[in-house]
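Here is the structure we will look at.
Numbering (full-length UniProt numbering), first residue to last: 1 to 252.
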């Protein structure tokens, strides 16, 4: 019987405990307790997109948080007040609390500003925040927009894992410059056989295209074959058009 449950995990940066907010937090009296509570709240909020709630209609109260973190209610209440002052937790109109930096702790990025932008956009419907900045990166910045690349890649890989569990078939592997082209072993072998001199070129071409445009395709192998056919058609000589060119020394 396949396991269809979804698993959520948190990725901490190596300098997580060196960030100003965490250093200030742990320097306070009972700061280590607060830091422990904070990490537990991050984990509890993952499956709800950063919101601290039991389900869609029931937000966590201080008493509930004290129970799930195994701390005193007074300690939790003080911790929440400090988290809000440090900008680590935000109250939402629904009454739920939102872990402000949750998006910063998912995946890896070379541009933290872009990660924060994505978190802000995700909260717009909840808080009606004003938009900040353009929605998409300019073409010349395609290579420095890793959040889109990283998150989309992780989503596709997770879907592949679920597909493997559901069907029992091996999951497709990732290829290309940005490791976002999904191909099964048989699809890769087919490309190598049918496009012996071009298969790697087309994989990298598709990888860059997906990374820069954000487009998604049902079948990456089929897209590569389509591109190869279109390129071949462009190179084929047109029929029915007379050749009026002449070599040196000849005349029409």
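For glycine and all other residues, C-beta sits at the position ideal for the given N, C-alpha and C.
- Beta-bridge pairing of residue 59 - partner residues as DSSP gives them: 53
- Item | In DSSP terms, what residue 79 is bridged to | Residue 79 pairs with nothing; no bridge assigned.
- Query: Can you name the residues that DSSP bridges to residue 182?
  - Reply: 174
- Message: Under 8 Å: do the segment 55-62 and the segment 15-33 share three or more Cβ pairs, one atom per stretch?
- Response: no
- Task: Report the three-state DSSP secondary structure of residue 1 (helix, strand or coil).
- Result: Here residue 1 scores only 41 on pLDDT, less than 50, and its place in the model is too uncertain to base an answer on.
- Out of 220, 205, 200, point me to the one whose CA is closest to residue 183's CA. 220
- Buried versus exposed call for residue 69 [16 or more other C-beta atoms within 10 Å across all chains shown]: buried
- Compute the Euclidean distance between the alpha carbons of residue 217 and residue 178, then round it to the nearest angstrom. 16 Å
- Task: In the DSSP assignment, find the alpha helix (DSSP H) that holds residue 14 and state where it starts and stops.
- Result: Element bounds for residue 14: n/a, residue is neither H nor E.
- Message: Taking its Cβ as the centre, do 16 or more other Cβ atoms sit within 10 Å of residue 15, making it buried, or is it exposed?
- Response: exposed
- Task: Would you kindly work out how many angstroms separate the C-alpha atoms of residue 205 and residue 13, rounded to a whole number?
- Result: 31 Å
- Query: Is it true that the CB of residue 38 sits closer than 8 Å to the CB of residue 97?
  - Reply: no
- Message: Excluding the 5 residues flanking residue 233 on each side, which residues of the same chain have their C-beta closer than 7 Å to its C-beta?
- Response: none
- Task: Just confirm the distance between the C-beta atoms of residue 84 and residue 41, as a whole number of angstroms; I'd bet it's less than 8 Å.
- Result: That belief does not hold up - the Cβ atoms of residue 84 and residue 41 are roughly 12 Å apart, past 8 Å.
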